[in-house]
Amino acid sequence: MAHGPAKGITRWLFTTNHKDIGTMYLWFSFAMFILGGAFAMIIRAELFQPGMQLVEPAFFNQMTTLHGLVMVFGAIMPSFVGLANWLIPMMIGAPDMALPRMNNWSFWILPPAFLMLASTLFMEGGAPAFGWTFYAPLSTTYAAPSVTFFIFAIHILGLSSIMGSINIIATVMNMRAPGMTYMKMPLFVWTWLITAFLLVAVMPVLAGAVTMMLMDIHFGTSFFSAAGGGDPVLFQHIFWFFGHPEVYIIILPAFGVVSQIIPAFSRKPLFGYDSMVYATAAIAFLSFIVWAHHMYTVGMPIAGELFFMYATMLIAVPTGVKVFNWITTMWRGALSFETPMLFCIGFLVLFTIGGFTGLMLSIAPADFQYHDSYFVVAHFHYVMVAGAVFSMTAAVYYWLPKWCGRMYNETMGKTHFWISFIGFNVTFFPQHFVGLAGMPRRIPDYALQFADFNMMSSIGAFVYGASQILFLYNVIATIVAGKPVSDDKVWDGAEGLEWTVPTPAPYHTFEVPPTVDPAHAHS
Amino acid sequence: MQLSALTNILRPDTAWQAVVTRLAPCLLGASTMLGAGFAQAATKNQINMPTGVTQVGQSIFDLHMTIFWICVAIGIGVFGVMFYSIIYHRKSRGVVPAQFHESTKVEIAWTIVPLFILLGMAVPATSTLLEIYDFEDAEMDILITGYQWKWKYEYLSDNGENVSFFSSMSTPQGEIYNTAEKSEHYLLEVDEPVVIPVGTKVRFLVTANDVIHAWWVPELAVKKDAIPGFINETWTIAEEEGIYRGQCAELCGKDHGFMPIVVKVVSQEEYNEWFAVKQAEAAQIAELMEQTFTMDELIARGEDVYQRNCLACHGANGEGGLGTAIAGSAIVTGELGGHLNIGVNGVAGTAMQAFGSILNDVDLAAVITYQRNAFGNNMGDMVQPIDIFNYKKG
Amino acid sequence: MLRVSDNPAIDTVAKLVAVAIAMFAFVFVVMVPLYNVLCDALGINGKTSGQAYTAVQSGIDESREIEIQFVATNNAGMPWAFRPQQTIMKVNPGAMNETVFFARNPMPDAMVAQAIPSVSPSRAAEYFHKTECFCFNQQPLDGRTSAEMPLQFIIDRDLPRDIRTITLSYTLFDVTDMAKGAVAAR
Numbered sequence: 008m009a010h011g012p013a014k015g016i017t018r019w020l021f022t023t024n025h026k027d028i029g030t031m032y033l034w035f036s037f038a039m040f041i042l043g044g045a046f047a048m049i050i051r052a053e054l055f056q057p058g059m060q061l062v063e064p065a066f067f068n069q070m071t072t073l074h075g076l077v078m079v080f081g082a083i084m085p086s087f088v089g090l091a092n093w094l095i096p097m098m099i100g101a102p103d104m105a106l107p108r109m110n111n112w113s114f115w116i117l118p119p120a121f122l123m124l125a126s127t128l129f130m131e132g133g134a135p136a137f138g139w140t141f142y143a144p145l146s147t148t149y150a151a152p153s154v155t156f157f158i159f160a161i162h163i164l165g166l167s168s169i170m171g172s173i174n175i176i177a178t179v180m181n182m183r184a185p186g187m188t189y190m191k192m193p194l195f196v197w198t199w200l201i202t203a204f205l206l207v208a209v210m211p212v213l214a215g216a217v218t219m220m221l222m223d224i225h226f227g228t229s230f231f232s233a234a235g236g237g238d239p240v241l242f243q244h245i246f247w248f249f250g251h252p253e254v255y256i257i258i259l260p261a262f263g264v265v266s267q268i269i270p271a272f273s274r275k276p277l278f279g280y281d282s283m284v285y286a287t288a289a290i291a292f293l294s295f296i297v298w299a300h301h302m303y304t305v306g307m308p309i310a311g312e313l314f315f316m317y318a319t320m321l322i323a324v325p326t327g328v329k330v331f332n333w334i335t336t337m338w339r340g341a342l343s344f345e346t347p348m349l350f351c352i353g354f355l356v357l358f359t360i361g362g363f364t365g366l367m368l369s370i371a372p373a374d375f376q377y378h379d380s381y382f383v384v385a386h387f388h389y390v391m392v393a394g395a396v397f398s399m400t401a402a403v404y405y406w407l408p409k410w411c412g413r414m415y416n417e418t419m420g421k422t423h424f425w426i427s428f429i430g431f432n433v434t435f436f437p438q439h440f441v442g443l444a445g446m447p448r449r450i451p452d453y454a455l456q457f458a459d460f461n462m463m464s465s466i467g468a469f470v471y472g473a474s475q476i477l478f479l480y481n482v483i484a485t486i487v488a489g490k491p492v493s494d495d496k497v498w499d500g501a502e503g504l505e506w507t508v509p510t511p512a513p514y515h516t517f518e519v520p521p522t523v524d525p526a527h528a529h530s
Numbered sequence: 313m314q315l316s317a318l319t320n321i322l323r324p325d326t327a328w329q330a331v332v333t334r335l336a337p338c339l340l341g342a343s344t345m346l347g348a349g350f351a352q353a354a355t356k357n358q359i360n361m362p363t364g365v366t367q368v369g370q371s372i373f374d375l376h377m378t379i380f381w382i383c384v385a386i387g388i389g390v391f392g393v394m395f396y397s398i399i400y401h402r403k404s405r406g407v408v409p410a411q412f413h414e415s416t417k418v419e420i421a422w423t424i425v426p427l428f429i430l431l432g433m434a435v436p437a438t439s440t441l442l443e444i445y446d447f448e449d450a451e452m453d454i455l456i457t458g459y460q461w462k463w464k465y466e467y468l469s470d471n472g473e474n475v476s477f478f479s480s481m482s483t484p485q486g487e488i489y490n491t492a493e494k495s496e497h498y499l500l501e502v503d504e505p506v507v508i509p510v511g512t513k514v515r516f517l518v519t520a521n522d523v524i525h526a527w528w529v530p531e532l533a534v535k536k537d538a539i540p541g542f543i544n545e546t547w548t549i550a551e552e553e554g555i556y557r558g559q560c561a562e563l564c565g566k567d568h569g570f571m572p573i574v575v576k577v578v579s580q581e582e583y584n585e586w587f588a589v590k591q592a593e594a595a596q597i598a599e600l601m602e603q604t605f606t607m608d609e610l611i612a613r614g615e616d617v618y619q620r621n622c623l624a625c626h627g628a629n630g631e632g633g634l635g636t637a638i639a640g641s642a643i644v645t646g647e648l649g650g651h652l653n654i655g656v657n658g659v660a661g662t663a664m665q666a667f668g669s670i671l672n673d674v675d676l677a678a679v680i681t682y683q684r685n686a687f688g689n690n691m692g693d694m695v696q697p698i699d700i701f702n703y704k705k706g
Numbered sequence: 026m027l028r029v030s031d032n033p034a035i036d037t038v039a040k041l042v043a044v045a046i047a048m049f050a051f052v053f054v055v056m057v058p059l060y061n062v063l064c065d066a067l068g069i070n071g072k073t074s075g076q077a078y079t080a081v082q083s084g085i086d087e088s089r090e091i092e093i094q095f096v097a098t099n100n101a102g103m104p105w106a107f108r109p110q111q112t113i114m115k116v117n118p119g120a121m122n123e124t125v126f127f128a129r130n131p132m133p134d135a136m137v138a139q140a141i142p143s144v145s146p147s148r149a150a151e152y153f154h155k156t157e158c159f160c161f162n163q164q165p166l167d168g169r170t171s172a173e174m175p176l177q178f179i180i181d182r183d184l185p186r187d188i189r190t191i192t193l194s195y196t197l198f199d200v201t202d203m204a205k206g207a208v209a210a211r
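Residue numbers (this note's numbering), protein chains in the order written: chain A, 8 to 530; chain B, 313 to 706; chain C, 26 to 211.
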């Protein structure tokens, strides 16, 4: 078994190695991050000044739609699947994923799905222009013909996610090294296990929603059309029954990453491991009963409004527990501030701000003013970008030396952090203001009183976008010519089985299960 | 893509000039406004929610600020501890890390305490929601219908003589495409505002004609989704006279950003006068229907109607765009019957609406005449309101 | 616990695949019917029953009058003239009431329409009983003809006392193509 990777392109096409597949996921998601980012740059360039300058309104809507879809399904989700592929077997002492061939499939169906989605840009009538939430009937009766390709793409990437999740669950449940009990697993494995269950439960719901759209468009059914006895509001219920857990699917692995990195650079064990696990499970459970808080203005009975408001407010409790635990982990530690730690602290500050605005949004009567305004846009970028993307960036800096045996340039990493942090806040903080002042989201042009903050926002976006080029350069430079590291434990405070294998991590690890040291199990 | 505009925005001198002249005062403005305890009306660079001119708006604003300050207080606590750690518990200061890693008591405390804070938030939130959900005893009702991409207002009356009209954005294309100076209420101005009396409980019934829209006026603190096939209701009592502007809040297609709402709140007397005029106008239209117009009258009226209703899709010069070209069109330059059919009944499955139910017969006659005699179309024929009436009648 | 396979990994996978398939089916066989049930029960979107009401009310409540507003709108691309004959009626709960809506098809060809009712406030929907309604069926109309479409309804005596005005809106949809499809399918 101790052979290395195959040569040439076939290594990547036919690989069943979790590290190869993880690498492909990571590069693919970065490519999608750049593509989705390019769409965002077009949006921000158009919104730089009042008036239509660069694109037409119809194209602008295609950009907001594709930006959302590509970032959520192409960039953030696959990036965490890539991380899971690389790390879960190494963290639980398994030689590979439980189902290596399915693993290969779940990656390789992704690029065609996104190729299909991107190709809609060149189709008659243009790409989907109904927002990433694709509310009927704008996405059915009134959609461009490309909607059918969009539906097919969603089916494929949903399938990919389900296969990936099944694989992760099967791996975690069956392939842990002897002595690695559930409550000894690293928190990243725990958060991913719960995420995978969420995915298996709700990706089929998304598939159901788009299948109904397909039937309404092509086979004469009326799920979402009042004319035939259906209801467009039903679509929103089904979509958000998927969509709200989806939000946690994106953020839970990020919680896992932060729970690995903060203890490492605090040189102190994670505070409240057990409560972290319970809080994650509580968040996952609550995510199923809060979906209609995305629909407060749809005209629900007051009992519904109250139920969803109270349930949503409750999410603040387990989320608060997590933040308190992270901060208590730092308390009286011996902190150092390498790039991964900087991104985690950035995450902590900005995600907490996003949490606060989330709490504000949960208040139904106040949401009548916030709903569908830029305040919402600011909120979810604080949790998605500063939450998921910052933690993902932290993860890359943290584990890259272990993966390739070379150290990244610390100065460049820190520069990347500060430019990102400043760029991000300049982009999204003013969006709270314009949203509260009355600027709706998804508009290609705006009234004059919003002009200055929008210009600020656009400048911030260009800065944030440019900082990712620095990131790309740093990663490539590290892989090609970074300073070699040979310590198994790249970071002195790092804990966990992945730091017990040689650096760089060999192609095959833990072909003989390791012995789990009960004292140092979870980190 | 407009290349001239592209080069314009990329020309460094103008772009940078704009950045410097606009952002510097904006930064100053934001800080002074924060100091002054937030702005009141929809002003330039406003950073907070408007308190608005309704009781509900005030309640929502107070609720919003309550939650905001609670969050700020928690934030100061949480970030205070974090930054204390960052400053004093650094490895570079030579500290030895503690090794504690759990405390059930602490975990229980920071689960229970937030629950009580949330309870404190839920009480005012619930009472505000109950206030908003009291729909009864409205003195008048207005049916609001969202269309791609305009609003229709219908004042429901007891005697069946409802007054209804469409309200479309009146910002000229030139301002949007940067060939003309942008006016003060750029994108937030309409040809016909909806008028309501001050201090009166007005119930809005909200629905849509095609896709989902949402009717939002921040200063009335009203936002409700308009759903095709179903009606939603909401209400307001505006306590100050004035003009309040809002926009469609739910993505509804291409011109989602270009369907503003303007609400004019006036005294009861002024409202009565306005309403009488509206009813008279309706009667006048009925009278005009009987009249015969000259070509010049029809062209003049038709040009105006074209700009408000047709231009967005068919272009300023009839060159087409989202819609087909009017200039040289086979339908427009063909037999009158075909042109009338499309004008009155629209084209199913396309964005071409049935204008027979949107425009009155006088306007429809005028615009069809205009189309047949503008943009190089030289049909020379005329359509009179009575022709439209008869065509509709069959 | 049920074991599908002796290989524990395969066992896990089989169960998870079953969960995924079940969740897909859940959307169609649970969520859609459940939503419709909830709509009827809670009056979501002001939906009223699509069936004729047959129960008998125990007498007329003379102590209060409810104002009923009628609203008629056309959905996109629906060229018919469509309006209530009366825009407002004052009725007693428990009493049988009758009104008509007027419709005219101005097009040269026959068309089929479907009216979708919606009641506001939505919590009044469950108390709005229709014994006869043109909305129960699709309404065909020959080209250039008109029709009076009847509506008979009773307001339930149990209508909450704080509701004094009820709006009944009909949105008229063009279902000519849908109706043709149904005929072809038969």
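Ideal Cβ positions, reconstructed from N, Cα and C, are used throughout, including at glycine.
- Proximity of chain A to residue 478 of chain B at the Cβ level (cut-off 8 Å) is not reached, the minimal Cβ distance being about 20 Å.
- Distance check between residue 148 of chain C and each of A:306, A:416, A:334 places A:306 closest, using alpha-carbon atoms only.
- In chain order, 60, 61, 64, 69, 70, 72 make up the part of chain C whose C-beta sits under 9 Å from the C-beta of residue 238 of chain A.
- When Cβ-Cβ separations below 9 Å define contact, residue 139 of chain C makes contact with chain A.
- The beta-bridge partner set that DSSP reports for residue 687 of chain B is empty.
- 539, 540, 541, 542, 543, 544, 545: these are the residues of the stretch 533 to 548 of chain B whose beta carbon lies less than 9 Å from some beta carbon of chain C, given in chain order.
- The C-beta of residue 162 of chain C has fewer than 16 other C-beta atoms within 10 Å across all chains shown, which makes the residue exposed.
- Bridge pairing for residue 516 of chain B: B:454, B:546 [DSSP].
- Remark: C-beta atoms of residue 67 of chain C and residue 239 of chain A do not approach each other more closely than 9 Å.
- For residue 62 of chain C, the number of other beta carbons within 10 angstroms of its own is below 16, and it is reported as exposed.
- Chain C has a Cβ within less than 9 Å of the Cβ of residue 522 of chain B.
- The beta carbon of residue 326 of chain A sits closer than 7 Å to the beta carbons of 290, 362 from its chain, once the five residues preceding and following it are set aside; these are given in chain order.
- Not a single CB atom of chain A sits nearer than 9 Å to the CB of residue 626 of chain B.
- For residue 113 of chain C, the enclosing beta strand (DSSP E) has its first and last residue at 113 to 116.
- If you look at residue 64 of chain C, you'll find it isn't in any beta strand (DSSP E); it sits in the alpha helix (DSSP H) that goes 57 to 67.
- Residue nearest to residue 501 of chain A within the set A:269, A:87, A:353 is A:269 (criterion: CA-CA distance).
- Leaving aside the five residues that flank residue 693 of chain B on each side, the residues in its chain whose CB is nearer than 7 Å to its CB run, in chain order, 648, 684.
- CA-CA distance, residue 501 of chain B to residue 53 of chain A, rounds to 21 Å.
- In the DSSP assignment, residue 171 of chain C falls within the beta strand (DSSP E) that extends over 170 to 180.
- Each residue's CA atom was taken as its position, placing residue 433 of chain B and residue 379 of chain B some 7 Å apart.
- C:193 is the residue among C:204, C:205, C:193, C:203 whose C-alpha sits nearest the C-alpha of residue 541 of chain B.
- For residue 411 of chain A, the enclosing alpha helix (DSSP H) starts and ends at 397 to 411.
- Shortest Cα-Cα distance from residue 55 of chain C to any of A:241, A:442, A:62 involves A:241.
- If the five residues before and after residue 18 of chain A are omitted, its C-beta is found closer than 8 Å to the C-beta atoms of 12, 27, all from its own chain and listed in chain order.
- Shown here, residue 307 of chain A sits in coil according to DSSP, grouped into three states, outside any helix or strand.
- Sequence-distant Cβ neighbours of residue 86 of chain C in its own chain, meaning closer than 7 Å and more than five residues away, are 117, 118, 119, 182.
- Scanning B:547, B:535, B:573 for the CA closest to the CA of residue 481 of chain B turns up B:573.
- Proximity to residue 383 of chain B across A:360, A:21, A:341 peaks at A:360, based on C-alpha coordinates.
- Looking from the CA of residue 421 of chain B, the closest CA among A:368, A:236, A:328 belongs to A:328.
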